[in-house]
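Our numbering puts the first residue of the sequence shown at 313, with every later residue one more than the last. Note that the Cβ used here is the ideal one computed from N, Cα and C, for glycine as well. First up is the structure itself, then whatever we jot down about it.
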Amino acid sequence: MEPMTANKTPASDVSEMLERRASAIGDEFYEIPESQAGERQIALLLFILTCAYLSLFRRYTTMDPDEGIVLQGAQRILQGQVLYRDFFSFFTPGSYYLLALLFKIFGDSFLVARTALVLFGGAYSVVTYLLARRVCTRGSALLVAAIVSLTTLPYRFLVLHNWDSTLWASLALYCAIRWVESPRWKWALATGSFASLTFLFEQSKGAGLWLGLAVGFLANAWTGWRQQGQLSGCRAKQLLGFTLGFVWPLLITCAYFGVQHGLRVMLADWFWPLQHYSMANRVPYGYQNWSDSARHLLFETGPWWARVLTVVILSPCLLIPALPVIAIGILVYWFVLGRHRRGPREKCAYYVLICAALSGLLLSVVIVRADIVHFMYLQPLFGLVLAWIVDGRDIPGPWFRSMKSTVTAYVAVAFLGLAIPLIMRAVNAPEKLVTRRGVIAVPKKDTVIDYVQAHVSPGETVLVYPYLPLYYYLTGTFAPTRYEYLQPGMNTPQQSLEMISELASGRVQVILFESSFWEKIPNSWPGTPLSAIAHDPVADYILRSFHTCKLLQSPSDWQFEFMVRKDSECR
Numbered sequence: 313m314e315p316m317t318a319n320k321t322p323a324s325d326v327s328e329m330l331e332r333r334a335s336a337i338g339d340e341f342y343e344i345p346e347s348q349a350g351e352r353q354i355a356l357l358l359f360i361l362t363c364a365y366l367s368l369f370r371r372y373t374t375m376d377p378d379e380g381i382v383l384q385g386a387q388r389i390l391q392g393q394v395l396y397r398d399f400f401s402f403f404t405p406g407s408y409y410l411l412a413l414l415f416k417i418f419g420d421s422f423l424v425a426r427t428a429l430v431l432f433g434g435a436y437s438v439v440t441y442l443l444a445r446r447v448c449t450r451g452s453a454l455l456v457a458a459i460v461s462l463t464t465l466p467y468r469f470l471v472l473h474n475w476d477s478t479l480w481a482s483l484a485l486y487c488a489i490r491w492v493e494s495p496r497w498k499w500a501l502a503t504g505s506f507a508s509l510t511f512l513f514e515q516s517k518g519a520g521l522w523l524g525l526a527v528g529f530l531a532n533a534w535t536g537w538r539q540q541g542q543l544s545g546c547r548a549k550q551l552l553g554f555t556l557g558f559v560w561p562l563l564i565t566c567a568y569f570g571v572q573h574g575l576r577v578m579l580a581d582w583f584w585p586l587q588h589y590s591m592a593n594r595v596p597y598g599y600q601n602w603s604d605s606a607r608h609l610l611f612e613t614g615p616w617w618a619r620v621l622t623v624v625i626l627s628p629c630l631l632i633p634a635l636p637v638i639a640i641g642i643l644v645y646w647f648v649l650g651r652h653r654r655g656p657r658e659k660c661a662y663y664v665l666i667c668a669a670l671s672g673l674l675l676s677v678v679i680v681r682a683d684i685v686h687f688m689y690l691q692p693l694f695g696l697v698l699a700w701i702v703d704g705r706d707i708p709g710p711w712f713r714s715m716k717s718t719v720t721a722y723v724a725v726a727f728l729g730l731a732i733p734l735i736m737r738a739v740n741a742p743e744k745l746v747t748r749r750g751v752i753a754v755p756k757k758d759t760v761i762d763y764v765q766a767h768v769s770p771g772e773t774v775l776v777y778p779y780l781p782l783y784y785y786l787t788g789t790f791a792p793t794r795y796e797y798l799q800p801g802m803n804t805p806q807q808s809l810e811m812i813s814e815l816a817s818g819r820v821q822v823i824l825f826e827s828s829f830w831e832k833i834p835n836s837w838p839g840t841p842l843s844a845i846a847h848d849p850v851a852d853y854i855l856r857s858f859h860t861c862k863l864l865q866s867p868s869d870w871q872f873e874f875m876v877r878k879d880s881e882c883r
């Protein structure tokens with residue numbers, strides 16, 4: 313063993329290793345695409361093409377239970393009710409009031425709400441492209457932007473708070489990168505504003521974004537790049553702008569609900585999920601929501617080539633949850649490079665800030681529900697990691713360069729394979745259904761809406777139990793209580809007693825009771841306590857006090873019973 317000399321220390325070994333790896337990265341390629349007219353035109357064309365593609369999904373629905381929550385909440389607001397004070401929600405208020413505003417301006421229809429999703433999707437693809445293009449070739453950035461367009465929203469094209477909150481998170485990260493590149497007051501203000509709006513549309517995502525951005529800016533400051541002038545971004549004026557942007561949406565929200573005498577209950581509802589939501593929604597990391605029968609059908613039946621094709625098509629669902637984990641490794645790598653001044657300055661700041669933000673968003677997913685659906689909600693941002701992998705220019709070592717073509721081909725084929733079934737089911741939906749909120753397309757016949765619209769007047773009170781508030785919205789009816797749904801195992805016993813008290817008052821004459829709901833629980837909410845399944849006081853009261861008039865069926869083959877009070881005749 314050679315003795316250590318004064319010229320060779322462990323620290324110098326680390327520096328030499330990092331220098332070799334930094335040189336392996338290649339050039340110091342870093343572009344600001346917004347400064348080029350050609351790139352701006354590409355971004356505009358990408359927005360238009362994405363919106364045109366997503367328009368094909370606007371009318372299609374499978375009657376997903378989650379979609380009606382915000383839609384029906386917006387209806388209550390249009391009637392003069394105040395969120396939290398007059399009806400319950402554990403979501404932050406942004407999605408409700410944005411949708412109510414859209415309905416007020418453009419008309420109250422299912423198509424208006426779905427058109428907003430189309431515009432969100434167009435913005436996703438543009439932000440993904442512009443952020444990726446800074447360190448990737450045009451082809452790599454376009455490929456991943458196209459993947460975002462083809463698979464993100466189509467995977468779950470529903471009116472949900474998850475989608476608009478992702479838009480604000482994407483814009484916040486974009487503005488944060490612009491702030492680092494050009495330390496101006498306007499970018500600091502925009503970063504704080506969009507980060508605050510993210511929280512006001514989904515509190516967990518907003519909190520994760522706040523944490524990630526804070527870590528990213530602190531890490532960049534620690535590397536010393538803020539002393540370079542070009543990437544300072546920490547002057548008092550910018551910090552003031554960021555603080556103002558961060559505070560003004562929160563102040564307006566608190567002032568509004570304070571005036572409406574709903575501030576205290578608003579804050580209580582915001583923290584309600586910490587005690588009640590997570591238990592029923594606790595799932596393994598990357599959980600796919602497949603039932604045993606679905607898993608058997610996908611992977612254990614048919615010829616071998618069909619099963620191989622199925623694995624390739626569904627493999628993106630396994631890859632996407634891995635992307636934010638990879639981002640953590642990239643964060644550490646570029647932070648160390650930046651700390652030792654061995655990496656290109658702009659790239660270090662870029663990778664550290666974005667990967668820190670993605671890490672914070674990953675934490676928000678893990679805390680809430682770490683299934684594939686919640687990873688898909690953030691694919692416009694997690695997809696940046698995919699762009700870096702496909703491009704490969706900043707991955708050190710020759711081994712990856714030899715595999716780059718294979719990786720790119722796999723990504724293109726796999727995600728295209730995932731996209732094709734999504735578009736085919738939307739454009740080939742065999743059934744058209746006329747509702748009070750417009751014409752929709754469904755994969756199978758829905759007998760619930762036709763029957764309810766024939767026997768229940770618009771604006772009438774109906775209880776849909778336990779959980780499909782979309783039927784309220786599409787039939788123009790309203791829930792009798794403060795709750796759009798009440799899920800056994802998630803809502804509290806006190807909330808169940810409140811609903812039973814309302815039913816006992818006699819004001820509720822009609823109930824849509826989903827008798828097959830309990831079949832969903834093992835796959836959709838595997839953390840639900842068995843006691844909640846075995847004993848549901850609301851269901852027990854309904855079965856004692858109401859009788860069935862008609863058996864009905866949703867497009868997903870879930871069974872509903874149209875029920876009236878036992879002392880009333882069927883309609």
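6 Å Cβ shell around residue i - same chain, five flanking residues per side excluded
i    : result
Y372 : A738, A741 and A753
A500 : W491, Q550, G553 and F554
C363 : V430 and G434
Y396 : G574, V577, M578 and D581
I625 : G729 and L730
Residue burial classification, residue i (beta-carbon count within 10 angstroms, cutoff 16)
i    : result
T510 : buried
R749 : buried
D339 : Below a pLDDT of 50, predicted positions are generally treated as unreliable, and D339, at 49, falls in that range; the measurement from the model is reported next regardless. D339 comes out exposed.
D848 : buried
G614 : exposed
F369 : buried
M715 : exposed
N532 : buried
G385 : buried
L357 : exposed
A336 : Summary for A336: the model assigns pLDDT 41, below 50, so the residue's position carries little reliability; its value from the coordinates is reported in the next sentence. Its Cβ having fewer than 16 others within 10 Å, A336 is exposed.
Candidates the options: closest to residue i by CA position
i    : options                   : result
Y599 : V678, F825 and L563       : V678
A425 : Y436, A435, L413 and G434 : L413
H686 : A699, I707, Y777 and N474 : N474
G380 : C882, I854, S880 and F790 : F790
L443 : C487, L462 and V471       : C487
A844 : L521, I389 and W830       : W830
Y784 : P800, I761 and P561       : I761
M591 : R681, G672 and R619       : R681
L361 : V438, Q384, L670 and D869 : V438
P805 : G839, A851, V776 and P770 : A851
G839 : V595, T718, A548 and V725 : V595
S866 : M736, T535 and Y763       : Y763
I701 : L390, I632 and F422       : I632
A724 : N601, A458, F400 and A428 : A458
P733 : Y467, L824, W522 and I823 : Y467
V559 : A507, T535 and N593       : A507
Other residues of its chain near residue i: CB distance less than 8 Å, five sequence neighbours each side excluded
i    : result
Q540 : Reliability fails at Q540, whose pLDDT of 46 lies under 50, so the model's placement of it is uncertain and the value that follows must be treated cautiously. If we look at Q540 and ignore the five residues flanking it on each side, its Cβ neighbours are R657.
L479 : F432, A435 and Y436
S324 : Confidence is the limiting factor: at S324 the pLDDT is only 45, short of 50, which leaves the residue's position unreliable and the question unanswerable from this model.
M316 : Low per-residue confidence applies at M316: pLDDT is 39, beneath 50, and the placement is therefore not dependable enough to give any value.
L512 : T404, P405, G406, G518, P561, L562 and T565
L798 : Y777, P778, Y779, Q807, S808, M811 and V850
Y662 : Y342, R446, V447, I489 and V492
Own chain, CB closer than 7 Å to residue i, minus 5 neighbours either side, in chain order
i    : result
T622 : L610 and F611
S898 : One cannot answer for residue 898 here, as it falls past the ends of the chain, which runs 313 to 883.
L863 : Q871 and E873
Y853 : I812 and L815
Q891 : A question about residue 891 goes unanswered here, because the residues of the chain that appear run from 313 up to 883.
A502 : C487 and G557
G520 : G672, L673, L675 and S676
P585 : F402
S868 : T374 and M375
Strand pairing of residue i, partner residues [DSSP]
i    : result
A753 : Y372 and K744
H859 : V876
I823 : L775 and M875
L864 : F872
Y645 : DSSP output for Y645 lists no bridge partner at all.
Y342 : Y342 pairs with nothing; no bridge assigned.
Y599 : D683
Uninterrupted beta strand (DSSP E) stretches inside the stretch 763 to 797 (no shorter than 3 residues): For the stretch 763 to 797, whole beta strand (DSSP E) runs of length 3 or above, ordered along the chain, are 775 to 777.
Complete beta strand (DSSP E) runs within the stretch 682 to 743 (minimum length 3 residues, chain order): none
Ordered list of alpha helix (DSSP H) runs contained in the stretch 392 to 467, each at least 4 residues: 406 to 418, 422 to 445 and 450 to 467
Whole alpha helix (DSSP H) elements within the stretch 509 to 572, 4-residue minimum: 515 to 535 and 548 to 571
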